[in-house]
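**Student:**
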Ligand SMILES: [Cu+2]
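Residue numbers (the working numbering): 10 to 446.
#1: Check whether the Cβ of residue 169 lies closer than 6 Å to any heavy atom of ligand 1, and answer yes or no.
#2: Out of 104, 161, 127, 105, state which residue places its alpha-carbon closest to the alpha-carbon of residue 77.
#3: Per DSSP, residue 61 is paired with what?
#4: Considering only residues of the stretch 99-127, which uninterrupted beta strand (DSSP E) runs meet the minimum length of 3 residues and lie entirely inside it, listed in chain order?
#5: Does the Cβ of residue 175 lie closer than 6 Å to at least one heavy atom of ligand 1?
#6: Within 8 Å, do at least three Cβ pairs link the stretch 107-121 to the stretch 89-99?
#7: How about residue 409 and residue 250: do their beta carbons lie closer than 7 Å?
#8: What residues come near ligand 1, if near means a beta carbon less than 5 Å from any of its heavy atoms?
#9: By DSSP, does residue 229 sit in helix, in strand, or in coil?
#10: For residue 415, tell me which candidate among 316, 136, 217, 108 has the shortest Cα-Cα distance.
#11: Can you give, in chain order, each stretch of the alpha helix (DSSP H) that sits fully within the stretch 369-429 and has at least 4 residues?
#12: Have a look at residue 192 and residue 232 and give me their C-alpha separation to the nearest angstrom.
#13: Quick check: the Cα distance between residue 372 and residue 388, rounded to an integer number of angstroms?
#14: By a C-beta neighbour count over all protein chains shown, 10 Å radius and 16 as the cutoff for buried, is residue 32 buried or exposed?
#15: Whole angstroms is fine: what's the gap from residue 105's alpha carbon to residue 319's?
#16: Is it true that the stretch 163-178 meets the stretch 121-138, where meeting means three or more beta-carbon pairs spaced less than 8 Å apart?
#17: Output needed for residue 283: all residues of its chain with C-beta closer than 7 Å, excluding positions within five of it in sequence on either side, in chain order.
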């Protein structure tokens with residue numbers, strides 16, 4: 010494709026279609042990869058507004074003869090999911106997940122991939138329109154990259170949206186150990202860009218309490234659920250100034266689960282599925298967006314309501330950390346005798362948990378195995394927050410001058426749930442003795 014033809018396509022692309030640089034009648038072939046030089050490299054804050062990836066770095070690049078050149082190094086990484094939980098994972102460039110790749114529609118990109126793992130790997134560019142031989146499927150479209158080797162991928166970006174990258178060799182092992190990343194392609198021009206643009210990769214892990222290796226053979230019992238490889242309270246908040254237009258992109262490369270991601274306080278529009286923009290009349294308004302395995306979704310909303318708004322997976326076991334899994338069901342059980350017996354015969358100081366529910370476990374500071382995190386999250390301004398894992402906080406504030414974490418929201422008088430006063434109960438005819446009065 011000639012540069013002028015690409016430019017003409019880009020000028021009319023707008024928000025219409027992800028594959029806007031492709032003529033619908035043009036057949037895509039193997040030659041396009043080498044004959045398509047792309048456009049002039051897109052520049053930050055001129056051609057695009059950078060995305061924010063909480064808890065995760067960006068992949069840097071350099072310009073060589075008009076091509077953006079990136080270098081991914083697949084390697085073992087000691088990764089912290091939250092304070093108190095480390096694991097030996099596999100990632101890229103010292104990061105788990107891999108750094109976010111960010112580029113612009115029309116860019117020509119070249120990726121060098123160096124394999125420092127003990128086994129072969131490849132990189133697949135998930136959702137991206139490219140020549141077949143650049144698709145990164147070991148055995149099918151390329152030879153696998155042996156330990157110590159460096160491979161080269163090169164193509165021109167012909168779409169914009171939210172995409173991903175991951176190995177396509179020994180996927181079960183390599184992705185369970187953390188090898189995945191976001192690949193954001195911006196449209197050319199910042200006119201349409203939201204004020205705040207966040208991107209979050211969802212994933213799931215099995216890390217037995219006290220161990221250091223994620224278990225890649227696990228099929229169902231995942232006990233560390235993450236956003237950008239962080240489990241709450243390790244997740245960074247998403248900070249937005251009141252009134253700004255915000256976009257949040259989600260990708261899901263977890264092994265087995267789909268994640269219904271719920272945002273409190275807002276109804277948002279689902280604006281993108283798998284890197285394809287949805288025309289405005291067809292955008293669904295929702296409060297929960299399902300992000301299936303192997304998919305991306307993007308939502309947008311005007312952040313008109315100030316506050317600390319929970320943003321989390323609505324699978325209740327996906328907002329639990331390690332110690333909430335595989336425990337005994339003691340709901341309704343009087344555990345006094347069990348505790349006495351265990352203390353006197355087995356473990357001095359033993360205390361069973363869960364007879365009255367599990368909410369206490371967030372705040373008890375009970376002793377847990379080395380290198381593990383308690384089932385529930387952190388401490389909020391009003392007490393323990395009993396969610397961990399795939400949970401973070403959207404912090405919307407008026408008149409902030411920086412996007413540093415602003416701390417807890419100060420609730421204006423009369424806008425905070427509080428203990429009912431006796432005169433209020435009397436006034437409204439509420440009897441605490443008779444539930445059905
Ligand atoms: Cu989930």
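Each residue gets a CB set at the ideal place from its N, CA and C atoms; glycine is no exception.
**Tutor:** A quick look at the data gives this:
#1: no
#2: 161
#3: 207
#4: 110-113, 117-124
#5: False, no ligand heavy atom lies under 6 Å from that Cβ.
#6: Output reads no: the stretch 107-121 does not touch the stretch 89-99.
#7: yes
#8: 268, 322, 324, 327
#9: coil
#10: 316
#11: Taken in chain order, the stretch 369-429 contains no complete alpha helix (DSSP H) segment of 4 residues or longer.
#12: 26 Å
#13: A caution first: residue 372 carries a pLDDT of 48, below 50, which makes its placement in the model unreliable, though a value can still be read off. The alpha-carbon atoms of residue 372 and residue 388 are separated by roughly 7 Å.
#14: The predicted model places residue 32 with a pLDDT of 48, which falls under 50 and marks its position as unreliable, so this point remains unresolved.
#15: 24 Å
#16: yes
#17: 136, 304, 305
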